[in-house]
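Presented below is the structure to which this report refers.
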Amino acid sequence: MERYFKRKSTVMESSSPPNEVVNSSKQACLEINLDDLPLDPGLRTRIGDYHPNVRDQVRKAYLQKGPFQPRNHSFPQRNLSGGPRRFIPAWFDEFPTWLEYSVAKDAAYCFCCYLFKPNTGEQAGSDSFVGKGFSNWKKKSERLQGHVGGPMSAHNQAWSNCKAFSKQIEAQTEYKTLLGASVSCMRFLLRQGLLFYGDDEYEDSNNQGMFADLLRLRCNYDEDIKAVTLNNAPLTLKLTSPDTQKDIEIAISMEIISAIVREIGDSLFSILIDEFHDMSSQDQMAIVLRFVDKGHVIERYLGIVQATDDTAVSRKGAIDDFFSTHGLSMAKLRGQGYGGTSNMQDGLSQALQKNDQDIVNAMNLVRVCKEQLQVMKESGWDSLLNEVSSFCQKHEIEVHNMDDRFLTRGRKRDQVITNMHYYHVELFCTVIDVQIQELNVRFTEMNTGLLLCVACLNPSDSFSAFNKQKLICLARYYPNDFSTLDLMILEDQLEKYILDMRSNIEFSGLNGIADLAQKMVETKKDCVFPLVYLLLTLALILPVATPRVDRVFSAMNIVKNRLRNQMEDERIKGRLIPYIETDILDSIDDEVILQRFQNMKNRPCQL
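Those letters in the sequence shown? Residues 1 to 607, by the UniProt record's numbering.
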């Protein structure tokens, strides 16, 4: 009876609970290195002992290696009845597909039964070709042939499963090769912002498009790809249709966005937004995030958002939805920058868009610009009128008499004004007032004070701009990041920080706060003065200008031109992201894109 029922042990063999042992075993079986799988069949772990999620991986790894047949091994002899016996290497030729030999146990095993013989618990060990191995060489002919058995024997069923699994692996390999070729072609075209399609994609077309031509070029230089691609691919699995190309586009763009979100992590960031009319006259909002990574200021384009209307509520709702979709937290947002500053004077515009900005000079330029506009409004009209009149006379252009009545449609008859009043008051002065008002809105007293505080972090001239009180004032602009206790600690850190910086030769000759942040990370000073480094980070992510967003719209004019002005929004996103964020695209492995593509929907084949 004991062969059927196991006697219950009364001795506690281990202090670990049974569930912990089982879970530990399963966890170990989940974490396997396929390259370290033992080749010797006598040393292998039973397939049934592996976790179900990894069994097919183990089977695939062993099938790729084939049965273990050490033909050059010096096989030891055994004293059996009738004389010494040993394993004969010629038996491998007699049973080439399944017979294996264990050097460790001097026994024969069945390769296909190991992989696919059903596991029926303890009774599964009754077959010596899977469990302990066969070593009675005297009965070789009887036992080996007997193991194979008839058409419905366990061995032949395992062999059928083995062949079916091998065909499945072959199909998966071909599918992966085909899909990988398509992905590599798409990566190149997306990176260059090129068209995919031609006149049509039928085989007899003279212009099937760049995608088909590039795939055909790859076939000419890679026989493995040629064997499974285009005409050699099944009709239902060519992976060249527009829908497949669209899915690959989306997979690539989503992986880039995921990589950017991971890159941002828990960092604080600001958002840069600008609006633009594309070739199809649609209002688009480009979104760029600015953050600091190890002292380096990074700006990443994340996508284009289209609001339902021009109201602020609609635009904010569109941005909120965008953040929610990509798992970004508004709690980490520390600044917002918007476009619309293109009418600034050249000197001010250039000062604001420098990578390492001299903020004090920039603020002086803001003040000077407003003063110049006011002076021009008060005393610049006569000189401008004389210049315009001289230009018109030189080129024989008729000049209106400024004392004549100004005629225009829509004005009431009792509102009589002269040409002088219209051009001087309603045009000249109004335009200047609009410019002054825009500067006042953009550079409020609070914004100007904030930027002047930031300027105190500038390391130029041995930190000559340093002002502890202004830097503490800067920290007060961010109550979510600096508590009352943090402000007290910051004051102490600033005193030690400035003494350290001015006495450390490594921090001499720095040109801007960006250089300072990088040097602090290099020298681990960001850990010594964490609150000072936080101030630097907040200063660096301030969205003073939006040139990066402007470049997004330049890219859109290339990707969505007059020939492609009907392209839907999702396609624009799929094309723009890899075209702009090429360094992220280059860092993503094809395998990751393949898995993303595969998981998007049900596919005709598995990877």
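Cβ coordinates follow ideal geometry from the N, Cα and C atoms, glycine included.
Exercise. For the beta strand (DSSP E) that contains P242, what are its first and last residues?
Worked result: As a working note, residue 242 is residue 242 in the sequence shown. Segment 242-264 is the alpha helix (DSSP H) holding P242; no beta strand (DSSP E) there.
For this session: Taking all protein chains shown into account, decide if T311 is buried (16 or more other Cβ within 10 angstroms of its Cβ) or exposed.
Result: Translated into the one-based positions of the sequence shown, residue 311 becomes position 311. Burial is judged here by how many other beta carbons sit within 10 angstroms of a residue's own beta carbon; T311 has fewer than 16 and is exposed.
For this session: Would you check if the distance between the CB atom of L607 and the CB atom of Q595 is smaller than 9 angstroms?
Result: Counting from one through the sequence shown, the residue named residue 607 turns up at place 607. Counting from one through the sequence shown, the residue named residue 595 turns up at place 595. The Cβ atoms of L607 and Q595 sit closer than 9 angstroms to each other.
Exercise. Whose C-alpha, out of H296, F92, R59, is nearest the C-alpha of R71?
Worked result: Taking the sequence shown and counting its residues from 1, the one referred to as residue 71 is at position 71. Nearest of H296, F92, R59 to R71, Cα basis: F92.
Exercise. Where does G337 land, buried or exposed, given buried means 16+ other C-beta within 10 angstroms?
Worked result: What you label residue 337 is simply residue 337 of the sequence shown in a count that begins at 1. Taking a 10 Å sphere around the C-beta of G337, we find 16 or more other C-beta atoms and assign the residue as buried.
Exercise. What distance in whole Å lies between the Cβ atoms of I298 and A286, which are believed to be in contact at a cut-off of 8 angstroms?
Worked result: Stepping through the sequence shown from its first residue, residue 286 is reached at position 286. Stepping through the sequence shown from its first residue, residue 298 is reached at position 298. 17 angstroms between Cβ atoms; not a contact.
For this session: Please work out which residues of its chain come closer than 6 angstroms, Cβ to Cβ, to C110, disregarding the five sequence neighbours upstream and downstream, and give them in chain order.
Result: The residue labelled residue 110 in the question sits at position 110 within the sequence shown. The answer, listed in chain order, is W98, F129.
Exercise. Would D309 be called buried (16 or more neighbouring beta carbons within 10 Å of its own) or exposed?
Worked result: On the sequence shown, residue 309 is found 309 positions in, with the first residue counted as 1. With fewer than 16 other CB atoms across the displayed protein chains lying within 10 angstroms of its CB, D309 is exposed.
Problem set entry | Distance CB(T229)-CB(L178) smaller than 9 angstroms | Along the sequence shown, read from residue 1 onward, the residue named residue 229 stands at position 229. Along the sequence shown, read from residue 1 onward, the residue named residue 178 stands at position 178. Cβ atoms of T229 and L178: closer than 9 angstroms.
For this session: Return the Cβ separation of P41 and S102 in integer angstroms, given the expectation that the two are a contact with Cβ distance under 8 angstroms.
Result: Taking the sequence shown and counting its residues from 1, the one referred to as residue 41 is at position 41. Taking the sequence shown and counting its residues from 1, the one referred to as residue 102 is at position 102. The pair is a contact, with the Cβ atoms about 5 angstroms apart (cut-off 8 angstroms).
Exercise. What are the start and end residues of the alpha helix (DSSP H) that includes Y114?
Worked result: For the purposes of this step, residue 114 is identified with residue 114 of the sequence shown, where counting begins at 1. Element bounds for Y114: 111-116.
Exercise. Among all the DSSP beta bridges, which residues are the ones paired with F269?
Worked result: Position 269 of the sequence shown holds residue 269. DSSP links F269 through a beta bridge to F291, L333.
Exercise. Taking C-beta to C-beta, are I541 and F269 nearer than 9 angstroms?
Worked result: Residue numbering aside, residue 541 sits at position 541 when the sequence shown is read from its first letter. Residue numbering aside, residue 269 sits at position 269 when the sequence shown is read from its first letter. I541 is a Cβ neighbour of F269, given a cutoff of 9 angstroms.
Exercise. Would DSSP call T523 helix, strand or coil?
Worked result: Stepping through the sequence shown from its first residue, residue 523 is reached at position 523. In the displayed model, T523 falls within coil according to three-state DSSP, outside both helix and strand.
Problem set entry | Exposure of C527, with buried meaning 16 or more beta-carbon neighbours within 10 Å | As a first step, residue 527 is located in the sequence shown; it is residue number 527 there, counting from the start. Taking all protein chains in view, the Cβ of C527 is surrounded by fewer than 16 other Cβ atoms within 10 Å, so the residue is classified as exposed.
Problem set entry | Residue range of the unbroken alpha helix (DSSP H) whose run includes V431 | Taking the sequence shown and counting its residues from 1, the one referred to as residue 431 is at position 431. Element bounds for V431: 430-442.
Problem set entry | Start and end residues, beta strand (DSSP E) containing G303 | Here residue 303 corresponds to residue number 303 of the sequence shown, with the count starting at 1. Where G303 is concerned, the enclosing beta strand (DSSP E) stretches over 296-305.
Problem set entry | Meets three-Cβ-pair contact criterion under 8 angstroms: the stretch 494-510 and the stretch 240-259 | Output reads no: the stretch 240-259 does not touch the stretch 494-510.
Problem set entry | Same chain only: Cβ atoms within 7 angstroms of V261, ignoring 5 sequence neighbours per side | Position 261 of the sequence shown holds residue 261. Excluding positions up to five away in sequence, the list reads H326, G327, L328.
For this session: Decide if R300 is buried, meaning its Cβ has at least 16 other Cβ atoms within 10 Å, or exposed.
Result: Here the question's residue 300 lines up with position 300 in the sequence shown. Per the 10 Å Cβ criterion, buried.
Exercise. G193 by DSSP, collapsed to three states: which one?
Worked result: Position 193 of the sequence shown holds residue 193. In the structure shown, G193 sits in coil (DSSP, three-state: anything other than H, G, I, E or B).
For this session: Locate the alpha helix (DSSP H) running through E142, then write down its first and last residues.
Result: Walking along the sequence shown from the start, residue 142 turns up at place 142. Residues 140-148.
Exercise. Where DSSP assigns a beta bridge to T448, which residues make up the other side?
Worked result: Taking the first residue of the sequence shown as 1, we reach residue 448 at position 448. The beta-bridge partner set that DSSP reports for T448 is empty.
Problem set entry | In DSSP terms, what T418 is bridged to | In the sequence shown, counting from the first residue as 1, residue 418 sits at position 418. According to the DSSP secondary-structure assignment, T418 is paired through a beta bridge with R405.
Problem set entry | Where Y423 falls: helix, strand or coil (DSSP) | For the purposes of this step, residue 423 is identified with residue 423 of the sequence shown, where counting begins at 1. Here Y423 sits in helix by DSSP.
For this session: May I ask you to report which of helix, strand or coil DSSP gives Y478?
Result: Residue 478 sits at position 478 when you count from the first residue of the sequence shown. The answer is coil: DSSP assigns Y478 none of H, G, I, E or B.
Exercise. Where Q69 and L39 are concerned, what is the direct C-alpha to C-alpha distance, given to the nearest angstrom?
Worked result: Residue 69 sits at position 69 when you count from the first residue of the sequence shown. Residue 39 sits at position 39 when you count from the first residue of the sequence shown. Take the alpha-carbon of Q69 and the one of L39: they are about 10 angstroms apart.
Exercise. Straight-line CA distance for N19 to D49?
Worked result: For the purposes of this step, residue 19 is taken as the residue at position 19 of the sequence shown. For the purposes of this step, residue 49 is taken as the residue at position 49 of the sequence shown. Model confidence at N19 stands at a pLDDT of 49, short of 50, so the residue's coordinates are unreliable and nothing is read from them.
Problem set entry | Spatial distance of I489 from L531 (CA atoms) | Walking along the sequence shown from the start, residue 489 turns up at place 489. Walking along the sequence shown from the start, residue 531 turns up at place 531. For I489 and L531, the distance between alpha carbons rounds to 8 angstroms.
Exercise. If you draw a straight line from the C-alpha of A181 to the C-alpha of M330, how long is it?
Worked result: As a first step, residue 181 must be located in the sequence shown, where it is residue number 181. As a first step, residue 330 must be located in the sequence shown, where it is residue number 330. A181 and M330: Cα-Cα distance of roughly 39 angstroms.
For this session: Ignore the nearest five residues each way along the sequence and tell me which others in K176's own chain have a CB closer than 6 angstroms to its CB.
Result: The residue you call residue 176 lines up with position 176 of the sequence shown. Its chain contains L607 as the residues whose beta carbon lies nearer than 6 angstroms to that of K176, once the 5 sequence neighbours on both sides are disregarded; these appear in chain order.
For this session: Classify A465 as helix, strand or coil using the three-state DSSP reduction.
Result: The residue given as residue 465 occupies position 465 in the sequence shown. In the structure shown, A465 sits in coil (DSSP, three-state: anything other than H, G, I, E or B).
Exercise. For C219, which residues of its own chain have a beta-carbon under 7 angstroms away from its beta-carbon, when the five flanking residues on both sides are left out?
Worked result: Stepping through the sequence shown from its first residue, residue 219 is reached at position 219. These residues qualify, in order along the chain: I225, K226, T229, L230.
Problem set entry | Closest by C-alpha distance to F211, when choosing among C185, G193, A233, Q192 | Here residue 211 refers to the residue found at position 211 of the sequence shown. Taking each of C185, G193, A233, Q192 in turn and checking the Cα distance to F211, the smallest one comes out for C185.
Exercise. Given A475, which residues of its chain have a CB within under 8 angstroms of its CB, disregarding the five upstream and five downstream residues?
Worked result: Locating residue 475 in the sequence shown gives position 475, counting from the first residue. The residues are D481, F482, D486, L487, L490, L531, L535.
Problem set entry | Residues of its chain near I593, where Cβ-Cβ distance is below 7 angstroms and the 5 sequence neighbours each way are ignored | Within the sequence shown, numbered from 1, the residue matching residue 593 stands at position 593. So the qualifying residues of the chain are V183, A251, I252, E255.
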